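>
Chains as they are written, first to last, in our numbering: chain A, 23 to 174; chain Z, 23 to 174; chain U, 23 to 174; chain X, 23 to 174.
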């Protein structure tokens with residue numbers, strides 16, 4: 023399993039009159055965590071877009087367990103358990119950094135689109151390569167992605 | 023079933039470099055649609071809060087089928103199928119108004135919290151009353167909620 | 023002067039732990055008001071973009087006088103006082119609809135960019151025409167823009 | 023002068039169909055930069071709120087010079103030049119980290135409100151103390167705030 027932790031400090035604008043993070047902002051947290059996971063794997067999303075591939079979100083779900091509060095430092099944990107074919111499945115946990123309490127869980131499904139032809143495609147080889155390397159760490163010899171994307 | 027349609031015009035700030043609505047904004051659309059559904063039923067959320075009851079989101083899911091584009095007029099359809107006990111379940115459809123194409127579907131689950139005691143409670147009677155009246159239209163004689171929340 | 027009123031209902035997600043609208047959202051209100059002003063003048067921004075012209079914001083300022091609260095209905099008043107050359111200047115007032123209290127004032131400056139060449143240009147003729155007609159109402163005979171953009 | 027640099031990575035959700043950061047998000051960048059400036063000075067905003075003091079924004083202005091793009095790393099520079107009395111004035115620069123190009127400048131004015139009485143007050147002593155220490159570095163002997171808030 024690929025596992026990456028992205029940290030986010032809760033901002034004032036993200037908190038609602040109940041004094042807690044408004045639920046929609048978790049969707050933004052997951053996006054930032056996803057982007058940083060890809061970067062840690064050595065594949066910035068910007069490069070995928072430059073190669074003509076976009077990855078729209080086709081489904082997402084969130085379950086809210088405990089509230090996050092203003093100025094909390096959050097750990098957003100991204101997990102990838104399998105190689106994508108037509109879709110990439112990501113699992114998430116949001117935890118309060120200090121206590122590691124589980125605040126929310128999430129799932130996001132992405133697909134792959136060839137921007138020029140505006141058609142869905144299979145997962146591009148460049149992505150499969152970095153994911154395969156990170157998912158099968160015994161096969162990777164330089165280990166560079168292991169630093170921030172710890173395989174378990 | 024309670025069914026309410028809320029209209030939203032897609033704003034520039036909601037569109038991403040792919041030229042389509044960024045997925046997180048649908049969560050905001052659902053919130054606005056929910057608020058207007060309650061208002062149409064005769065129960066503004068502001069009054070619930072004033073009565074010490076808050077309704078946090080405990081779960082949400084979204085499936086994205088077709089993109090929405092800048093300046094599109096959207097129909098956000100809220101559906102309530104059953105009376106809540108500890109949780110209120112809402113179903114959503116997002117459609118392009120002009121063509122009625124289905125762009126996304128969603129589900130949101132709310133719970134009820136007594137703000138003073140910070141404890142979950144059952145659905146408050148004031149909400150059950152308006153929902154029951156709208157869900158069982160044959161029992162309602164004045165029909166006021168029927169105007170904008172058409173029972174089917 | 024061109025004057026157009028756009029109405030916005032304050033959403034929960036826009037309110038902060040102080041219980042009032044978080045200041046950044048006023049920038050979004052102004053954008054929506056601007057878009058609807060252009061539409062009321064008969065020139066949807068979408069058509070300008072389709073013609074290859076984009077109008078980036080080059081400056082904005084806001085002064086906050088009184089807070090807006092959850093579920094308030096707001097009047098966002100857009101005012102255009104002069105024909106643009108290289109820049110279009112817009113003035114705004116945000117008022118609580120019910121009481122007409124002045125909550126905020128704003129100014130936004132837009133420029134015009136030819137998207138293909140990525141270069142600043144003068145205000146396009148199609149925009150000058152609709153603005154001139156609305157600014158000099160005695161010259162307009164059909165009066166269509168007067169309905170929602172009352173010249174004073 | 024107090025000067026603090028906060029870094030922000032541009033997110034996909036912040037970019038518009040022009041492919042650049044939508045202007046409203048700069049307001050959010052300034053808020054995060056302001057919060058981290060206070061934290062670096064040793065005075066988290068959360069502690070001010072806990073002490074019953076809120077600091078609403080009373081005015082803001084932004085000038086946009088060059089666009090920021092997706093995935094850019096930005097330096098948001100907060101500058102405080104003088105001790106506040108009834109108002110705290112902050113100046114900002116937004117620069118592309120890599121090139122140090124100036125992308126935007128901003129000013130934000132905050133006031134101080136006693137939350138219990140809902141009345142404006144003068145700058146609280148706890149804030150004046152940390153600002154004075156940082157503004158007059160020769161008087162500070164421990165130098166702790168100098169690490170991240172370099173006086174010039």
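Glycine residues also receive a C-beta, built at the ideal position from the N, C-alpha and C atoms.
Values in this document were obtained by computation on a predicted structure and should not be read as measured data.
1. If you reduce the DSSP assignment to three classes, tell me which class residue 126 of chain U lands in.
2. Interface residues of chain A around residue 62 of chain X at Cβ under 9 Å?
3. Whose C-alpha, out of Z/96, Z/51, Z/98, Z/107, is nearest the C-alpha of residue 150 of chain Z?
4. With respect to the beta strand (DSSP E) encompassing residue 100 of chain Z, which residues constitute its N-terminal and C-terminal limits?
5. If you reduce the DSSP assignment to three classes, tell me which class residue 171 of chain U lands in.
6. Just to confirm the assignment, what range does the beta strand (DSSP E) spanning residue 152 of chain A have?
7. Between residue 85 of chain A and chain Z, is any beta-carbon pair separated by less than 7 Å?
8. Tell me whether residue 36 of chain U is buried or exposed, calling it buried when 16 or more other Cβ atoms sit within 10 Å of its Cβ.
9. Considering only residues of the same chain and omitting the five flanking positions on each side of residue 109 of chain Z, which have a CB-CB separation below 6 Å?
10. What do you get for residue 40 of chain A, buried or exposed, if any count of 16 or more other CB atoms within 10 angstroms of its CB means buried?
11. Quick one: using the 10 Å Cβ neighbour count with 16 as the cut-off for buried, is residue 117 of chain A buried or exposed?
12. Rounding to the nearest angstrom, what Cα-Cα distance links residue 57 of chain Z and residue 66 of chain Z in this structure?
13. From residue 50 of chain A to residue 44 of chain A, what distance separates their C-alpha atoms?
14. How would you call residue 138 of chain Z, buried or exposed, if buried means at least 16 neighbouring beta carbons within 10 angstroms?
15. Relative to the alpha-carbon of residue 48 of chain X, which residue among X/126, X/29, X/102 has its alpha-carbon at the smallest distance?
16. On the premise that residue 82 of chain Z lies in contact with residue 129 of chain Z, defined as a C-beta separation below 8 Å, what is that separation, rounded to the nearest angstrom?
17. Does residue 81 of chain U come out as helix, strand or coil in the three-state DSSP assignment?
18. Which residues mark the beginning and the end of the alpha helix (DSSP H) in which residue 38 of chain U is found?
19. Around the Cβ of residue 143 of chain Z, are there at least 16 other Cβ atoms within 10 angstroms (buried) or fewer (exposed)?
20. Determine the extent of the alpha helix (DSSP H) in which residue 58 of chain A is found, giving its start and end residues.
21. Can you tell me the Cα-Cα spacing of residue 72 of chain Z and residue 120 of chain U, whole angstroms?
22. Do residue 62 of chain A and residue 30 of chain A come within 7 Å of each other at the CB atom, strictly closer than that value?
23. Judging by CA-CA distance, which residue of A/113, A/91, A/141 is the nearest neighbour of residue 53 of chain A?
24. Check the Cβ-Cβ distances between residue 56 of chain X and every residue of chain A, and say whether any is below 7 Å.
25. Kindly indicate the opening and closing residues of the beta strand (DSSP E) around residue 112 of chain U.
26. Among residues of its own chain, excluding the 5 on either side of residue 105 of chain A, which ones have a beta-carbon nearer than 7 Å to its beta-carbon?
27. Note down the Cα distance separating residue 38 of chain Z from residue 94 of chain A, rounded to an integer number of angstroms.
28. Please list, in chain order, the chain Z residues whose beta carbon lies closer than 8 Å to that of residue 34 of chain X.
29. Taking residue 48 of chain X as the query, report the chain Z residues whose CB atoms sit under 7 Å from its CB, ordered along the chain.
30. Quick one: Cα of residue 102 of chain Z to Cα of residue 64 of chain Z, how far?
31. In the DSSP assignment, find the beta strand (DSSP E) that holds residue 31 of chain X and state where it starts and stops.
32. With DSSP run on the structure shown, which of helix, strand or coil describes residue 65 of chain U?
33. Output, in chain order, the set of chain X residues within a Cβ distance shorter than 7 Å of residue 92 of chain A.
34. Which residue or residues does DSSP assign as beta-bridge partners of residue 142 of chain Z?
35. Got a sec? Which residues, its chain only, sit under 8 Å from residue 79 of chain A by beta carbon, not counting five neighbours each side?
Judging by the given coordinates:
1. Three-state DSSP puts residue 126 of chain U in a strand.
2. Going along chain A, no residue has its Cβ under 9 Å from residue 62 of chain X, so there is no contact; the nearest lies around 13 Å.
3. Answer by Cα proximity: Z/107.
4. In the DSSP assignment, residue 100 of chain Z falls within the unbroken beta strand (DSSP E) covering 95 to 102.
5. Residue placement at residue 171 of chain U cannot be trusted, given a pLDDT of 43 that sits under 50; what the coordinates show is reported in the next sentence. Residue state for residue 171 of chain U is assigned as strand, using DSSP reduced to three classes.
6. Not the beta strand (DSSP E): residue 152 of chain A falls in the alpha helix (DSSP H), residues 147 to 157.
7. Residue 85 of chain A belongs to the set of residues whose beta carbon lies under 7 Å from a beta carbon in chain Z.
8. Flag for residue 36 of chain U reads buried.
9. Excluding residues within five positions, the ones whose Cβ falls inside 6 Å are 131, 133.
10. By the neighbour-count rule (16 or more Cβ atoms within 10 Å), residue 40 of chain A is buried.
11. It counts as buried.
12. Cα to Cα, the separation comes out at about 7 Å.
13. Rounded to whole angstroms, residue 50 of chain A to residue 44 of chain A spans 11 Å at the Cα level.
14. So residue 138 of chain Z counts as exposed.
15. For residue 48 of chain X, the closest of X/126, X/29, X/102 by C-alpha to C-alpha distance is X/126.
16. Right, their Cβ atoms sit about 7 Å apart.
17. Here DSSP, grouped into helix, strand and coil, assigns residue 81 of chain U to strand.
18. Unbroken run through residue 38 of chain U: none, as it is neither H nor E.
19. Exposed: under 16 other Cβ atoms inside 10 Å.
20. That run of the alpha helix (DSSP H) goes 47 to 62.
21. Roughly 19 Å between the two C-alpha positions.
22. The Cβ atoms of residue 30 of chain A and residue 62 of chain A lie no closer than 7 Å to each other.
23. The shortest C-alpha separation from residue 53 of chain A is found at A/113.
24. No, residue 56 of chain X lies away from the interface with chain A (no Cβ there is under 7 Å from its Cβ).
25. Annotation: the continuous beta strand (DSSP E) that includes residue 112 of chain U extends over 109 to 118.
26. The residues are 150, 153, 154, 157.
27. Computed Cα separation, rounded: 28 Å.
28. Near residue 34 of chain X (Cβ distances below 8 Å), the residues of chain Z are 38, 39, 44.
29. Simply none; closest approach about 12 Å.
30. A direct Cα-to-Cα measurement between residue 102 of chain Z and residue 64 of chain Z gives close to 15 Å.
31. Counting along the chain, the beta strand (DSSP E) containing residue 31 of chain X begins and ends at 24 to 31.
32. Three-state DSSP puts residue 65 of chain U in coil, outside helix and strand.
33. At a beta-carbon threshold of 7 Å, the residues of chain X lying near residue 92 of chain A are 68, ordered along the chain.
34. Under DSSP, residue 142 of chain Z forms a beta bridge with Z/135.
35. Apart from the 5 residues on each side of it in sequence, residue 79 of chain A sits with its Cβ closer than 8 Å to the Cβ of 130, 131, 132 in its chain, given in chain order.
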